[in-house]
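Protein sequences, first through last, are from chains A and B. Here the first sequence is numbered in our numbering, starting from 24 and rising by one per residue. Here the second sequence is numbered in our numbering, starting from 24 and rising by one per residue. Glycine included, C-beta positions come from ideal geometry on N, C-alpha and C. This structure is a prediction, so every number in the text was calculated from the model and none was measured.
Protein chains: 2
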Amino acid sequence: MARNETAVATGGGPWHDKHAMSRATRRRERQERREKASQIPRLPWRNLTNPYPPIEILSADQLEAIHMASLRVLSEIGMKVLGADARERLAAAGAQVNNDDRMVRCDPDMVMELMALVPSSFTLEARNPARSITIGGNHINFAPVNGPSFVTDLDRGRRAGTYDEMCDFLKVLQSLDIIHIGGIGSFEPLDLPADTRHLDRNFAAATLHDKIWSANLLGGYRARDALEMQCIVHGIAYEDLPNHLVTMGNINTNSPRQLDGNMSAGLTELALAGQPVVVTPFTLLGAMAPTTLAGALTQQNAEALFGMILCQIIRPGTPVVYGGFTSNVDMKSGAPAFGTPEYVKATQAGAQLARRYNVPFRSSSTNASNVVDAQAAYESEMSIWAAVMGHANLVFHAGGWLEGGLTASFEKLIIDAEMLQMMAEYLAPVTVDEDTLALDAIAEVEPGGHFFGAAHTLARFETVFYEPMVSDWQNFESWQENGSLTATQRANTVWKQLVAEYEPPPLDPGIREALEEYVTRRKAEINAGPDLLDYDM
Amino acid sequence: MARNETAVATGGGPWHDKHAMSRATRRRERQERREKASQIPRLPWRNLTNPYPPIEILSADQLEAIHMASLRVLSEIGMKVLGADARERLAAAGAQVNNDDRMVRCDPDMVMELMALVPSSFTLEARNPARSITIGGNHINFAPVNGPSFVTDLDRGRRAGTYDEMCDFLKVLQSLDIIHIGGIGSFEPLDLPADTRHLDRNFAAATLHDKIWSANLLGGYRARDALEMQCIVHGIAYEDLPNHLVTMGNINTNSPRQLDGNMSAGLTELALAGQPVVVTPFTLLGAMAPTTLAGALTQQNAEALFGMILCQIIRPGTPVVYGGFTSNVDMKSGAPAFGTPEYVKATQAGAQLARRYNVPFRSSSTNASNVVDAQAAYESEMSIWAAVMGHANLVFHAGGWLEGGLTASFEKLIIDAEMLQMMAEYLAPVTVDEDTLALDAIAEVEPGGHFFGAAHTLARFETVFYEPMVSDWQNFESWQENGSLTATQRANTVWKQLVAEYEPPPLDPGIREALEEYVTRRKAEINAGPDLLDYDM
């Protein structure tokens, strides 16, 4: 029988028949192994690093041109800063501040002197020390989607998110070790009041998973609540926070060239406590930034530098992360596009700019599809490869993002985890030694024969290859007999099983009680109507 | 209004409203532009190159260890060669040949001396000179799926392929400039007799598209028919073929360590005519090769070197391509898996080995899904990124491959073309100059404003971003109103429109007539029953 690269796909041929003889044994062994744990195969926790050099899409000259242009934006054109407190701090540090039009300009020297204070890498302590993560260098960390108001799954469709469903989402996230950051629930629990739901989200994050979770920075009081609750979880005093990096927060500039009061307030609270701040300009090409990549990157870089130096002014040495969220819009509708070629380039150029300043970089895994289909997958893969090849250190929205970030999808979360696991396995090192070169096995198997029964194979076959959660490699006939399910339909089964099998990570009952007391007290205070927004807008 | 990275996805907010004012104008302009041509946006033809350095997953020591081990396979363990003609040629060139067990062993010096004859790069002439391609260096060329017996689309489902449908597939391929190689019809036309259908496929390839098409190498007479027909198309004599690279062919070794008679016969015909041969070992980890990547690569490398030096023995300097098709199997079922982490590593390591010998590299874009879903997309993206980041020069099966290569899918072809186009746009250079840095535009737009009306935007918005064929960036409500179509459903519309709009590329009527005469004559000869297999098996 002539074998070629397509004929084998039948799953037929002599090597297949011979292989079948040992299948019963292996099936039994696999079954036994599975009965000990969940039937959903998953990769164990790994602190991922990228062993390959980053792809650099800008030449050294191009990088420098964008750097210089962005310094001109900051010194000549300026940023509008809505918060009076932030303007005061900037003025005291030497910026030219006009309190009438609220414009702030910074000299290049001031910018670069402050950027020199930024640490190149830092480690965030999770409540489970085995879930702590390092951000910087060649480290890569994946975080789930955050921000949507909607949630969707195949059973119930698209709907407003609730707290119970948000907790289910957190349970799945805790079950997926490939997601390094647990987050605060991924979508808004719209059945809870807007002013206090951050407390419920923090509580869920602190109790349902044992990974890192970020502070909501929409206003100073939300940031402080997150920090207070982290102090309870970690058993430390608020004043002692700068000695313990336990959380982080993300701010978006109100691009172009504007920082609003809520964002600067949240940034200020985190920086005062010495906690890392991710500064992410929101520079969609053609909408909030020029249509050209060079122009959008110039603006992104100016805004990112501005947020990062504000952190250094507030507390020198505050860890910061350069966030890139530059993509294009659909010029037909004005809708944002994600995972596009422009997005990939912007991501990798952004990471290159971050390396210019020796600061960690944050990107995202995003897509603009309205359904978990081929588009959702290929736009996400473009985002993931952009991030990994460009050396992003933090990949936000990497689990469950759908519809340009408007909806969190349970099925997409599973498919994202599969894609991330595949990437993690790709990044694992190759071993080349006498054993793996397998010359004895090659000599043992006759020409045209097969390796199924070789000792070298039998010693390894159970664990040697990546075992997928969702991918189905059955032949067409078997796949049909099993219901002709798409990857998305199979993902539906997976997440429900993970929710059903979820077990909460251990937590000291005293900590749980203290968190409950904090949430109860703060809800009462907030509902009593104090001035929540304690910074000028 | 506070903007953040998720709120914008509503397509709402003040910038969107302001943008809407100019939408009518732009919609009209776009409409006018489209009425001139097809409504399916497509990238124009590009001879693609990769400007970035390749990802090297093997260290220099690891690479050398695999090289040395594979030389030991060739010198100590040997290859089984079924064709007597090939064994004779190998013996004459200094190999140790045993005609009883048909084993052939080659010394390392012989291997390396012959490999030194291989050109590092070559150019294939298409009948339309604008569709000629260069293979080697940083060049990347995409070819369609080849090999399946089945074809599928959403309207008619999965079925045995016919000649008419094969012609439709070729029409779509001709319409997609991102696919550099037109091929010979992608799937078997099972309504035609097996012994002569290669003639019909060649005729379709020569007339329906103006790109490169390969010779079927399953036996010497099929290879010669392809070469004769290429001579008619290019107006050259058979003896003059070595001075005109007009086609190529792929052979698979019958792994492990075997070369069958059909394959060596086809290889021989091509090499005698000086046409390029792609030598692709078929080394699925755990089935036809060891389970370890190092072992499978050692075997792949030995088999690839063997095929490539056989070409050099037949005609020194024959262009050859190192083919990598190493993936793993599902150890549960024995079914091949594609686009897996193991596949990505094998692809990039294979490309690295090819560079070791200064020879072009061929990989594939593959997946094992039975349906055009998220899995089909993410496995294909893994394959494409593996190929591009690893610097494959030829990416076979990059349009329409489904079900591990058993089926050609019309919808997958469109989605593949979208993914390839996105990659091509990603590889296009970034321009950084005063104009693209856009400092004037940045200064012009007020803080918190938008760029939709900026002169810089208006001068560029029509063409500045990649315009997709399939991706849908509408918001959820609009998408629902338009029928809630998945990417695969939208791809169904696209390919049918491309078939409907297809126009054949110009062809000299005399050439067409000569091709028809050749096909008619050869069918009669073959049906008269000559000895088709003119080489020992």
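Counted within 10 angstroms of its Cβ, other Cβ atoms place residue i as buried (16 or more) or exposed
i: Ala183/A; result: exposed
i: Asn324/A; result: buried
i: Met331/B; result: buried
i: Pro279/A; result: buried
i: Asp124/B; result: exposed
i: His39/A; result: Per-residue confidence for His39/A stands at a pLDDT of 38, beneath the threshold of 50, marking its modelled position as unreliable; the derived number appears in the next sentence. When all chains shown are included, His39/A counts as buried.
i: Ala260/B; result: exposed
i: Gln62/A; result: exposed
i: Met286/A; result: buried
i: Asp187/A; result: exposed
i: Glu548/A; result: exposed
i: Asp557/B; result: Residue placement at Asp557/B cannot be trusted, given a pLDDT of 48 that sits under 50; what the coordinates show is reported in the next sentence. Exposed: under 16 other Cβ atoms inside 10 Å.
i: Gly258/B; result: exposed
i: Lys59/A; result: For Lys59/A, the pLDDT reaches just 47, beneath the cut-off of 50, and the residue's location in the model is therefore unreliable, although a value from the coordinates is still provided. Lys59/A should be labelled exposed.
Test item: CB-CB of residue i and residue j under 7 Å
i: Ile201/A; j: Leu293/A; result: no
i: Val104/A; j: Leu282/A; result: yes
i: Pro212/A; j: Met189/A; result: yes
i: Arg112/A; j: Ile336/A; result: yes
i: Gly101/A; j: Val141/A; result: no
i: Ala582/B; j: Ala461/A; result: Outside the modelled stretch of chain B, which goes from 24 to 560, sits residue 582/B, for which no answer is possible.
i: Leu307/B; j: Val352/B; result: yes
i: Gln303/A; j: Gly346/A; result: A small correction: the amino acid at residue 303/A is Thr; Gln does not occupy that position in the sequence shown. Yes, they are a contact pair.
i: Trp236/B; j: Gly206/B; result: yes
i: Tyr223/A; j: Thr185/A; result: Per the sequence shown, residue 223/A should be read as Asp rather than Tyr. Going by C-beta atoms, Asp223/A is not nearer than 7 Å to Thr185/A.
i: Ile78/B; j: Tyr541/A; result: no
i: Ser432/A; j: Val395/A; result: yes
i: Ala466/A; j: Ala477/A; result: no
i: Phe226/A; j: Ser209/A; result: no
i: Asn277/A; j: Gly471/B; result: yes
i: Thr321/A; j: Ile158/A; result: no
i: Val522/B; j: Lys194/B; result: yes
i: Met138/A; j: Gly117/A; result: no
i: Asp233/B; j: Arg150/B; result: yes
i: His221/A; j: Arg245/A; result: yes
i: Thr480/A; j: Ala317/B; result: no
i: His203/B; j: Ile255/B; result: no
i: Leu10/B; j: Phe145/B; result: Chain B is shown only over 24 to 560; residue 10/B falls outside these bounds and no answer can be derived.
Cross-strand partners of residue i (DSSP beta bridge)
i: Ser386/A; result: Val418/A
i: Lys546/A; result: Answer by DSSP bridge pairing: none, since Lys546/A is not bridged.
i: Gln119/B; result: Arg128/B
i: Phe165/B; result: Val418/B
i: Met102/B; result: Val127/B
i: Arg181/B; result: Thr175/B
i: Leu308/A; result: Ala312/A, Asn351/A
i: Phe145/A; result: Ile158/A
i: Gly318/A; result: DSSP lists no partner for Gly318/A.
i: Leu425/A; result: Thr430/A
i: Gly346/B; result: Arg385/B
i: Ala238/B; result: Gly272/B
i: Leu71/B; result: Ile163/B
Within-7 Å CB hit, residue i to chain E
i: Tyr75/B; result: Of the protein chains in the structure, A and B, none is chain E.
Evaluate the contact criterion for the region 413 to 422 of chain B versus the region 366 to 383 of chain B: three or more CB pairs, one atom per stretch, below 8 Å.
With a cut-off of 8 Å on Cβ pairs, the region 413 to 422 of chain B is in contact with the region 366 to 383 of chain B, counting three or more such pairs.
Which residues, in chain order, does the region 491 to 502 of chain B contribute to contact with chain A at a C-beta distance below 9 Å?
Against chain A - using a Cβ distance shorter than 9 Å - the residues of the region 491 to 502 of chain B are Pro491, Val493, Ser494, Asp495, Trp496, Gln497, Asn498, Phe499, Ser501, Trp502.
Short of 7 Å Cβ to Cβ, which residues in the region 135 to 159 of chain B face chain A?
Cβ contacts with chain A: none found.
Taking beta-carbon pairs under 8 Å, can you tell me which members of the region 389 to 401 of chain B lie near chain A?
Going along the region 389 to 401 of chain B in chain order, one finds Ala391, Ser392, Asn393, Val394, Val395, Asp396, Ala397, Gln398, Ala399, Ala400, Tyr401 with a Cβ nearer than 8 Å to chain A.
Across the region 351 to 369 of chain A and the region 354 to 364 of chain B, are there enough close Cβ pairs to call them in contact, namely three or more that are closer than 8 Å?
Note that the region 351 to 369 of chain A does not touch the region 354 to 364 of chain B; fewer than 3 beta-carbon pairs, one per stretch, sit closer than 8 Å.
Under 7 Å, CB to CB, which of the residues in the region 468 to 480 of chain A have a partner in chain B?
Of all residues in the region 468 to 480 of chain A, Val468, Pro470, Gly471, Gly472, His473, Phe474, Phe475, His479, Thr480 have a Cβ within less than 7 Å of some Cβ in chain B.
To be precise: take each residue of the region 274 to 306 of chain A, compare its Cβ to all Cβ atoms of chain B, and keep it if any distance is under 8 Å. Which residues remain?
If the cut-off is 8 Å between Cβ atoms, the region 274 to 306 of chain A has Asn275, Asn277, Ser278, Pro279, Arg280, Gln281, Asp283, Asn285, Met286, Thr303, Phe305 near chain B.
Can you confirm whether the region 481 to 489 of chain A touches the region 163 to 180 of chain A when touching is taken to mean that 3 or more C-beta pairs between the two stretches lie within less than 8 Å?
Judged by Cβ distances under 8 Å, the region 163 to 180 of chain A makes no contact with the region 481 to 489 of chain A, as fewer than three pairs qualify.
Please name the residues in the region 452 to 463 of chain A whose beta-carbon is closer than 8 Å to at least one beta-carbon of chain B, in chain order.
Taking 8 Å as the Cβ-Cβ cut-off, the region 452 to 463 of chain A approaches chain B at Val453, Thr454, Val455, Asp456, Asp458, Thr459, Leu460, Ala461, Leu462, given in chain order.
Going along the chain, which residues of the region 216 to 244 of chain B sit with their C-beta nearer than 8 Å to a C-beta in chain A?
Hits within the stretch, in order: Leu241.
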